[in-house]
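For any residue, its number in our numbering is found by taking its place in the sequence shown, counting from 1, and adding 149.
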Amino acid sequence: MKLCMALCPPLLLLLVTELAAAQPFWYLKNLDSPFVPTNQATVEAMLRVANVGANDYLIDLGSGDGRILITAARHYGVRGLGVDLDPELVRESVENARMAGVADRVSFQQRDLFDTRIGRATVVTLYLLPEVNLKLRPRLLTELRPGTRVVSHGFGLGDWNPDLKISVRGTGSEVYFWVVPAAVAGKWTSRIMTPNAAQLLEIEFTQKFQEIEGSARRDGKLVHVRDARLDGDRISFVLIDDADHFHRQHFEGRVSGKAMEGTVRGGGAAPRTQHNWRANRNPP
150 MKLCMALCPP
160 LLLLLVTELA
170 AAQPFWYLKN
180 LDSPFVPTNQ
190 ATVEAMLRVA
200 NVGANDYLID
210 LGSGDGRILI
220 TAARHYGVRG
230 LGVDLDPELV
240 RESVENARMA
250 GVADRVSFQQ
260 RDLFDTRIGR
270 ATVVTLYLLP
280 EVNLKLRPRL
290 LTELRPGTRV
300 VSHGFGLGDW
310 NPDLKISVRG
320 TGSEVYFWVV
330 PAAVAGKWTS
340 RIMTPNAAQL
350 LEIEFTQKFQ
360 EIEGSARRDG
370 KLVHVRDARL
380 DGDRISFVLI
390 DDADHFHRQH
400 FEGRVSGKAM
410 EGTVRGGGAA
420 PRTQHNWRAN
430 RNPP
């Protein structure tokens, strides 16, 4: 095995040096990442963490010899697409899928991952260098639907903290897992119909990926937003009266573009009733 030292960026050389003793790899100078096979235990851990199933469409960006997608198809009935720049690896993947009996469920294409449409995916898998992950991150957040699962072997996505990070026993591998969050930052207005009267709720969320905070007024009066949580397109939060901290309303719902809706129920000193609610995003 030979590497052209002048062609390899320092981070790539560091990665290659660390991995060379443990497992074989292939490198082409025009690739963003070298091919380092993901060990099978880590493949299976990635698929378990993502909770893949027969209704999923998995896109593997930088699919190598196809083992992640082929394993997903064989064991979980997944359909999907793998893309890689290396034509030899693409041909190998196609043959591996044929031998595994899943060629009707998966396909492999020689393609730049940055030119690959990913919006169809319900699961995206990665084993790419950190700077490639960062370059890809804006597309993951904007092109994937809220609730889409992203799993990465070995490297994170910068300051987008994973929802889950695990170490795979006996391999030295780490697996990172995210759920793509809905975009909720901004001001929202809701009228909540109760048996006594309609309530006007004005709420504003700030957002950093899946982490959200809020401030709100109900009928013009300050209320506190607590326990705000965003999980894909699912949102929940608690409103607490400024004048009576035992008066609480628990909101749960789903976000769909410029609207969110669900149910609200009373807690603490609030009436233990449940109502529907819907909020619309205010124009910028």
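Cβ coordinates follow ideal geometry from the N, Cα and C atoms, glycine included. Just so we're clear, the structure is a prediction, and the values are computed from it rather than from any experiment.
Does the pairing of the region 263-278 with the region 194-206 give three or more beta-carbon distances under 8 Å? yes
Residue ranges of each beta strand (DSSP E) within the region 377-408, 3 or longer: 383-390, 396-405
Three-state secondary structure (DSSP) of Ser242: helix
Other residues of its chain near Gly307: CB distance less than 6 Å, five sequence neighbours each side excluded: Leu283
Just verifying my parser: in three-state terms, what is the DSSP assignment at Leu161? Unreliable positioning characterises Leu161 in this predicted model, as indicated by a pLDDT of 40, which lies under 50. The coordinate reading is nonetheless provided below. Here Leu161 sits in helix by DSSP.
Can you tell me which residues form a DSSP beta bridge with Asp233? Gln259
CA-to-CA distance, Gly296 to Ile341, given in whole angstroms: 26 Å
Rounded straight-line distance, which links the Cα of Asn429 to that of Pro183: 46 Å
When you compare only the Cα positions, how much space is there between Val251 and Val227? 10 Å
Name the DSSP bridge partner or partners of Gly416? Arg397
Evaluate contact between the region 325-344 and the region 376-386, counting only Cβ atoms and requiring at least three cross-stretch pairs below 8 Å. yes
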